[in-house]
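Residue numbers (my numbering): 1062 to 1212.
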């Protein structure tokens, strides 16, 4: 995730809503935590999710993926299509001692590797070819999909 990120929108129960939150505002609001922790707080607050399975699509270096494990009520999986980014994200998660409750794997860009209604929160980092039907297939009742875009 770049130093500049925006929560661009979210999907709850089939309705797409738009929400803007710049990383500069995050940094100003929370001088202690990292950008990823501040962004995680905003994502979880906006999504109104307090536990369950979180999937981070296009997880990049894994920093936001690891931060999404805000507490013991969450299991997090980062997904990326690029093997090198997956390796980098795994190293980040292992380095933080979080591997297990946080995992990282490759995926094919179009189909999420989950059963229907299994995921509570999907965080999409940047452009994605996942369609709305696929997101809705894996989201649990009341689940939310959030798009986070670089500024």
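The C-beta atom is built at its ideal place from N, Cα and C for all residues, glycine as well.
What separation, rounded to the nearest whole angstrom, lies between the Cα atoms of residue i and residue j?
i            : j            : result
residue 1131 : residue 1121 : 18 Å
residue 1147 : residue 1138 : 11 Å
residue 1184 : residue 1202 : 16 Å
residue 1171 : residue 1099 : 29 Å
residue 1156 : residue 1178 : 31 Å
residue 1194 : residue 1206 : 12 Å
residue 1199 : residue 1143 : 22 Å
residue 1204 : residue 1105 : 12 Å
residue 1151 : residue 1140 : 10 Å
residue 1192 : residue 1165 : 21 Å
residue 1133 : residue 1095 : 19 Å
With DSSP collapsed to three states, give me the class of residue i.
i            : result
residue 1167 : strand
residue 1173 : coil
residue 1153 : helix
residue 1206 : strand
residue 1139 : strand
residue 1112 : coil
residue 1077 : Note on residue 1077: pLDDT 39, under 50, position unreliable in the model; no value is reported.
residue 1086 : Interpretation of residue 1086 is limited by its pLDDT of 40, a score under 50 that renders its predicted location unreliable; no figure is taken from the coordinates.
At which residues does the alpha helix (DSSP H) containing residue i begin and terminate?
i            : result
residue 1105 : 1096 to 1108
residue 1125 : 1124 to 1128
Beta strand (DSSP E) containing residue i: first to last residue?
i            : result
residue 1236 : Absent from the structure is residue 1236, since the part of the chain shown begins at 1062 and ends at 1212.
residue 1181 : 1180 to 1186
Let me check understanding here. Comparing Cα to Cα, which of the options lies closest to residue i?
i            : options                : result
residue 1127 : 1108, 1106, 1180, 1102 : 1102
residue 1114 : 1209, 1106, 1182       : 1182
residue 1110 : 1187, 1180, 1209       : 1180
residue 1189 : 1145, 1117, 1123       : 1117
residue 1160 : 1173, 1108, 1176, 1124 : 1124
residue 1197 : 1186, 1175, 1209       : 1175
residue 1169 : 1153, 1119, 1187       : 1119
residue 1162 : 1107, 1145, 1208, 1136 : 1136
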